[in-house]
Amino acid sequence: MPADGGIGASTKRREDVRFLTGNGNYTDDINANGQAYVYFLRSEMAHAKINGIDTSDAEKMDGVIRIFTGEDFVEVGGVPCGWEVTDRFGNAMQEPRHPILAHGKARHVGDPICAIVAETLEQARDAAEAIELDLEELPAVIDMKSALAKDSPKVHDELESNLCYDWGFVEENRDAVDEAIKNAHHVTTLELRNNRLIANPMEPRVAIGMFDRTTDEHTLYTTSQNPHVIRLLMGAFVLGIPEHKLRVISPDVGGGFGTKIFHYAEEAFCTFAAKAVNRPVKWTCSRSEAFVSDAHGRDHVTKIELAMDKDGNFLALRTDTHANMGAYLSTFAPSVPTWLHGTLMAGNYKTPLIYVNVKAVFTNTVPVDAYRGAGRPEASFQLERVIDKAAHEMGIDPIELRRQNFITEFPYATPVAVEYDTGDYNATMDKMIEIADLAGFEKRAAESADNGKLRGIGVNCYIEACGIAPSNLVGQLGARAGLYESATVRVNATGSISVMTGSHSHGQGHETAFPQVIADMLGIDASQVDIVHGDTSKVPMGMGTYGSRSLAVGGSAMVRATEKIINKAKKIAAHLLEASEGDIELKDGQFTVAGTDKSVAWGDVTLAAYVPHNYPLEDLEPGLEETAFYDPANFTYPSGAYACEVEVDPETGKVTIERFSAADDFGNIVNPMIVDGQVHGGIGQGIGQALLEQAVYDDDGQLISGSYMDYAMPRADDVPFYTVDHSCQTPCTHNPLGVKGCGEAGAIGSPPAVVNAVVDALRRAGQDITHIDMPLTPSRVWQAMQS
Amino acid sequence: MTQVTMTVNGKAVSGEAEGRTLLSQFLRDGLGLTGTHVGCDTSQCGACSVHVNGKLVKSCTMFAIEADGAEVSTVEGEADEDGTLSTIQQAFQEHHGLQCGFCTPGMVMATKSLLAENPKPTEAEIRAYLSGNICRCTGYHNIVKAIMAASGQDVSAIAAE
Amino acid sequence: MYAFDVETPSSVAEAVAALKDEEATALGGGQTLIPTLKQRLAAPEKLVSLSGIAEMKGISTDGGVLTIGGATPHVEVAAQGDFPALAALAGNIGDPAVRNRGTIGGSLANNDPSACYPSAVLGTGATIVTNTREIAADDYFQGMFTTALEDDEIITAVRFPIPKAASYQKFDQPASRFALVGVFVAKTADGVRVAVTGASEDGVFRWTEAEEALNKEFRSDALMDLDINAMNMIGDLHGTKEYRAHLVKVMTRRAINAIG
């Protein structure tokens, strides 16, 4: 492992110093002169007709500056959706309007109805209580299958039904899959739910809108994973502000996990209101508010069928999924159960025929969108659970059943439209078996039994598609944006470097890892490179950070820009050394003429670029600054094998995670320490999904797990130390770094491992249990053991 | 409004507070000490953890008036004057015990309090002590490891580095 | 939060005087009240902080009775050695920061149906001492969030008769870490007492059938034939009524085994 701070070094994070000393600059730490505060009066009913809003008393209250209602926003655009899915009949999805403030109807608990701008937050809240809302409660649409019944009330009266789309993939395979399943030796069927989750980054969302009348310029500070996307969506589609008059800044952001990708009404509101009241307007979301206003994740109900021949070879796979969209279409919501889910249903296996049907449904709940993994955890969970059940039914060892169906030759075109470039699933499986010490399981199980506990082990594989994404491909699939990434590498006169990246770090450590790449390419010290991100006025148009894309796409843009720098610098060096450009080599920060001892240092070349006294001005512009936009040729395909060991307390049903092992193939690794941390965090969230977390609505549409009192966040004593390994490396073939992405893997790979382990523990104890829906709370496990 | 006086990170400070002004608000809005974060409103996440008279408290669940006359320490007071990180801070950096950094000030203050009470805590004791500090990024692995290291324990056997 | 004043009296008498105001509410450690105020679910005009009253703090043991001042935080109860089962209970309430602020008097005055302390008070037959009177545990708890306290009455101390042996077994609600079910079993001078928290719609209660069985024979097997009625149990997303009824039995058994 290199110790020089280049690629492969576990360089300690430079950003930690400010975070550890309380000097981070999060959005809520920012206060503008003269700022006013906004409080959103949100619907307490899941579904209600707004018959009237009387703000007259509230407007007279102390400190109130202005009260806004849906009427104020009829002239501006709604919150846009960034992805249009075409259904299996060739029709566009049903796409309702999503007003900034509810208009006509409120459609979920938390839907903002009024916005009160006041001198203080408490004054705004006081005024909110003085607003008289005349709401007529309507029957709430909560259960997805009931929502599709002919006589169901509609979330959106202007739409034909509550069905957003009925998507089939690959539609041409539908009949062949049906036929294969009908004729198969054995079909394993499983019905399961992928529980609804709330991302809960520890920093709640914040937005501060500012407006400068003298220049007509808007500035929005917001807790976003992708400030340029917010600028584009909000500027072009909501408020009609041209980009040069709209600056969006996302400073330090305290975690995202997907839910800070999306453009939210509150951002548009603060931007709009700052101009309307000619004051900066600040909104700080409380955690309670976050539960009913941050987009939720997952919430799929699926029936999956796996057809096999008598030897356990996979012949066909059919899934039928209902995916909850919530009350409105959040920014990327339609893509999650479709292109981010259906395309991964092959998993690590050479199943020749696959058909995925997804019905996306509107309900009177908070919108649902991408959460760490986004569609891929749902795919992996179904597949790896049904394979586990199939192994049991067929009497085949679950590891062997997986191995016999592994894809072993690459590139491999799946029947669900993607081409895996590289992978070695047997290698990660072997590594997992080693690090998890599967050989020692029986001994540990016996020890557990001595303590009155049931021990079980679950294994599974996963594959995901990261490095989102080839723009022309996603354009064909309905994306309303490109998914390239940008970087500007600005070399300063004395050789230090500022890199402006369109990627956005909200915990991933870009400020440390990105300079490692440049240092490695140029042979200079990483401390000479700084990263600038999160400000649309400083950084070229970029698409931000999600889908494990920063290094694979943003890093690749940085490499491309640096390559341009090197090319130009070599020309300058050739001039200075009076040599041919083709003979110039760059090594350890020195340009040398091949085969000679003639050399010029990096810093002399960069100085020449900006002080071009001895410079080929007739052939070459001065300066040394290059921008690259990198559009990936394909997704990347990280994969791995996970193992979880649990103990179940047979008296209470309580599950404890005793061991967790993850063997991942992320291709090349830039900073192993950071990669480990990403996997740890993903596993922590995956264990949370499997054992603890659930967003639960009652029949009236009230969110009954609406705070940390009822929504169980994983704590330190809910999880063990994890054993992670990423020594199996099959580098990505199509990006210059050979990297695949590691941000989501842990959250994708871990839930099936946990559930497989609990089912295994119960089976070993003689229980005839094939599945328990997540989260596997003590109550649920105990209940399952009683039947 | 009431005038409230306290010592924060060794310096005497005073400011106005309403009855309902929380200590976290007094620190953040009144004194500009924005290292103390607010991550929830039900007193569970612990991002706002500070010490009052040497005791770990959630500054979002205590009124500023109740801290009148008290000695308060926040994360801003942890490093030396010259910027040298404390042992705990160094261990968090060394072992990658933070990612987004939002829960980190609370984690640092909780760790300081833990190690004062229990200089060589076991893994289980550390995990139990952190029950009031939620981190969403790290899966806690490197936080627990960092705390063990900060207490002078050998962490080389703990998997993954 | 709505606007209110905070008064910080230094004696019980001053506090009681301040609480004569109808719009005043007593503030203990605030670990429950402050989150409630943030949601604007309470609108006192005045909070009377009890945490600065020296005479309401501290722990003493005399003649087999442990007396804890009403404003004593959980962390101090956890540190005392005369009543280990109570120390263990207090040391597992909330989290370290909560234990530094939250007080026994505050917890008992609130009487959350899932709080830990009520089970110890009821399970030992403790006495609630207020500024005006003494209330026996059996008379004090009157259903969830309801107690025998008058509006301007303050819990100045709690007197626990230290049992011969006792154990508290708590099964955590995974989110709040309150008791999904907590059972306090004590061998007292007057026989075995079994108090259950977290489980019932009516708040903490004594499981008298178990007490009778254990008075005959203090063994976990004595519970074998007992069934607890699930009807009045709390049923929610963390556990059905039946599950809670089951846990009452399991936790009681564990407490008995822990006592030995």
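Those protein sequence lines, which keep their order, are chains A, B and C. Once you know that position 762 of the first sequence is 984 in the working numbering, the rest is easy, because the numbers rise by one and skip nothing. Once you know that position 38 of the second sequence is 39 in the working numbering, the rest is easy, because the numbers rise by one and skip nothing. Once you know that position 4 of the third sequence is 231 in the working numbering, the rest is easy, because the numbers rise by one and skip nothing. Don't be surprised by glycine CBs; every beta carbon is placed ideally from N, CA and C. In this text the structure is predicted, and so the values were computed from the model without any measurement.
If I measure Cβ to Cβ from residue i and keep anything under 8 Å in the same chain, skipping five residues before and after, which residues do I get?
{"i": "isoleucine 483(A)", "result": "Ser446, Gln447, Asn448, Val451, Thr553, Phe554, Asp591, Ala592, Gly766, Tyr768"}
{"i": "methionine 223(A)", "result": "Only weak support is given to the placement of methionine 223(A): the predicted model assigns it a pLDDT of 38, under 50, and the value that follows is read from those uncertain coordinates. Correct list, in chain order: Gly230, Ala231, Ser232, Pro894."}
{"i": "arginine 638(A)", "result": "Correcting the residue type first, residue 638(A) is valine in the shown sequence and not arginine. Correct list, in chain order: Phe391, Val392, Gly564, Thr565, Leu566, Met567, Ala568, Ile576, Val578."}
{"i": "alanine 225(A)", "result": "Bear in mind that a pLDDT of 47 at alanine 225(A), under 50, signals an unreliable position, so the model cannot answer this."}
Can you name, in chain order, every residue of its own chain whose Cβ lies under 6 Å from the Cβ of residue i, other than the five neighbours on each side?
{"i": "valine 470(A)", "result": "Leu442, Pro449, Ile452, Arg453, Thr758"}
{"i": "cysteine 964(A)", "result": "Phe888, Val897, Gln900"}
{"i": "alanine 545(A)", "result": "His522, Pro559, Val580, Ala582"}
{"i": "isoleucine 338(A)", "result": "Tyr261, Ile289, Ala346, Ala349, Ala350"}
{"i": "arginine 501(A)", "result": "Gly256, Ala258"}
{"i": "cysteine 46(B)", "result": "Gly40, Ile135"}
{"i": "alanine 748(A)", "result": "Gly227, Pro737, Gln738, Ala741"}
First and last residue of the beta strand (DSSP E) that includes residue i?
{"i": "arginine 1025(A)", "result": "Limits of chain A in this structure are 223 at one end and 1009 at the other, which puts residue 1025(A) out of reach."}
{"i": "aspartate 887(A)", "result": "877-887"}
{"i": "lysine 820(A)", "result": "Per DSSP, lysine 820(A) belongs to no beta strand (DSSP E) and is neither H nor E."}
{"i": "alanine 251(A)", "result": "For clarity, residue 251(A) is aspartate in the given sequence; the question names alanine instead. Unbroken run through aspartate 251(A): none, as it is neither H nor E."}
{"i": "tryptophan 505(A)", "result": "503-506"}
{"i": "threonine 263(C)", "result": "No beta strand (DSSP E) contains threonine 263(C), which is instead part of the alpha helix (DSSP H) from 260-265."}
{"i": "lysine 414(C)", "result": "406-415"}
The alpha helix (DSSP H) spanning residue i covers which residue range?
{"i": "valine 981(A)", "result": "967-986"}
{"i": "glutamate 130(B)", "result": "The sequence shown places tyrosine at residue 130(B), not glutamate. Unbroken alpha helix (DSSP H) run through tyrosine 130(B): 124-130."}
{"i": "threonine 784(A)", "result": "778-799"}
{"i": "valine 941(A)", "result": "Careful: valine 941(A) lies outside any alpha helix (DSSP H) and carries neither H nor E."}
{"i": "methionine 108(B)", "result": "105-118"}
{"i": "glutamate 469(C)", "result": "468-486"}
{"i": "leucine 959(A)", "result": "Looking at the DSSP string, leucine 959(A) is not in any alpha helix (DSSP H), and its letter there is neither H nor E."}
Assuming the contact rule is C-beta atoms closer than 8 Å, residue i and residue j should be a hit. Round their C-beta distance to whole Å, please.
{"i": "glycine 431(A)", "j": "alanine 495(A)", "result": "6 Å"}
{"i": "alanine 406(C)", "j": "aspartate 932(A)", "result": "That belief does not hold up - the Cβ atoms of alanine 406(C) and aspartate 932(A) are roughly 15 Å apart, past 8 Å."}
{"i": "threonine 734(A)", "j": "arginine 236(A)", "result": "5 Å"}
{"i": "methionine 651(A)", "j": "isoleucine 621(A)", "result": "7 Å"}
{"i": "alanine 384(C)", "j": "glycine 296(C)", "result": "5 Å"}
{"i": "isoleucine 275(A)", "j": "cysteine 336(A)", "result": "6 Å"}
{"i": "isoleucine 657(A)", "j": "serine 883(A)", "result": "5 Å"}
{"i": "valine 460(A)", "j": "proline 302(A)", "result": "7 Å"}
Grab me the residues of residue i's own chain with a C-beta within less than 7 Å of its C-beta, minus the 5 sequence neighbours each way, in chain order.
{"i": "lysine 760(A)", "result": "Met722, Val754"}
{"i": "aspartate 456(A)", "result": "Note on residue identity: the sequence assigns methionine, not aspartate, to residue 456(A). His485, Glu489, Ala490, Thr493."}
{"i": "alanine 161(B)", "result": "Here the model assigns alanine 161(B) a pLDDT of 49, short of 50, so the residue's position is not dependable, and the following value carries that caveat. If we look at alanine 161(B) and ignore the five residues flanking it on each side, it has no Cβ neighbours."}
{"i": "alanine 315(C)", "result": "Tyr395"}
{"i": "tryptophan 305(A)", "result": "Phe554, Pro556, Ser557, Gly700, Ala701, Arg702"}
{"i": "alanine 612(A)", "result": "Thr410, Leu528, Met530, Leu623"}
{"i": "alanine 151(B)", "result": "Thr88, Ile89, Ala92, Thr112, Leu116"}
Against chain E, does residue i count as a neighbour if the rule is that its beta carbon must be under 8 Å from one of theirs?
{"i": "isoleucine 926(A)", "result": "The chain inventory of the structure shown lacks chain E, comprising the protein chains A, B and C."}
Kindly examine the ligand NAD and report whether one of its heavy atoms sits closer than 7 Å to the Cβ of residue i.
{"i": "serine 770(A)", "result": "In the structure shown, the ligand NAD is absent, as is every other ligand, since no ligand is present at all."}
* **Under 8 Å (Cβ pairs) to chain A, residues found in the segment 32-53 of chain B** => Leu34, Thr35, Gly36, Thr37, His38, Val39, Gly40, Cys41, Asp42, Thr43, Gln45, Cys46, Ala48
* If contact means a Cβ-Cβ distance below 8 Å, which residues of the segment 309-330 of chain C contact chain B? -> Gly321, Asp322, Pro323, Ala324, Val325, Asn327, Arg328
* What are the uninterrupted segments assigned as beta strand (DSSP E) that are 3 or more residues long and contained completely in the segment 275-341 of chain A, given in chain order? -> 286-291, 334-340
* Start-end ranges of the alpha helix (DSSP H) lying completely within the segment 367-453 of chain A, minimum 4 residues -> 396-405
* **Secondary structure, alpha helix (DSSP H): runs of 4+ residues fully inside the segment 619-696 of chain A** => 620-627, 647-657, 663-672
* **Residues from the segment 927-955 of chain A in contact with chain C, defined by Cβ distance under 7 Å** => Ser927, Tyr930, Met931, Asp932, Tyr933, Ala934
* Along the segment 240-251 of chain A, what residues have a CB closer than 9 Å to any CB found in chain B? -> Arg240, Phe241, Leu242, Thr243, Gly244, Asn245, Gly246, Asn247, Tyr248, Asp250, Asp251
* Members of the segment 251-272 of chain A near chain C, C-beta cut-off 8 Å -> none
* **Against chain C: residues of the segment 51-73 of chain B by CB proximity under 7 Å** => Lys56, Leu57, Val58, Lys59, Thr62, Met63, Phe64, Ile66, Glu67
* **alpha helix (DSSP H) runs contained entirely in the segment 585-610 of chain A, provided each spans 4 or more residues** => none
* Identify every run of the alpha helix (DSSP H) within the segment 52-109 of chain B, keeping only runs that are complete inside it and at least 4 residues long; order them along the chain. => 88-95
* Asked: Using Cβ-Cβ distances below 9 Å, what residues of the segment 93-105 of chain B are close to chain A?
  -> Phe93, Gln94, Glu95, His96, His97, Gly98, Leu99, Gln100, Cys101, Gly102, Phe103, Cys104, Thr105
* Check distances from the C-beta atoms of the segment 393-424 of chain C to those of chain A and list, in chain order, the residues that come in under 7 Å. => Phe398, Pro401, Ala402, Ser403
* To do: Could you name the residues of the segment 10-23 of chain B whose beta carbon sits closer than 7 Å to any beta carbon of chain C, in the order they occur along the chain?
  => Glu19, Gly20, Arg21
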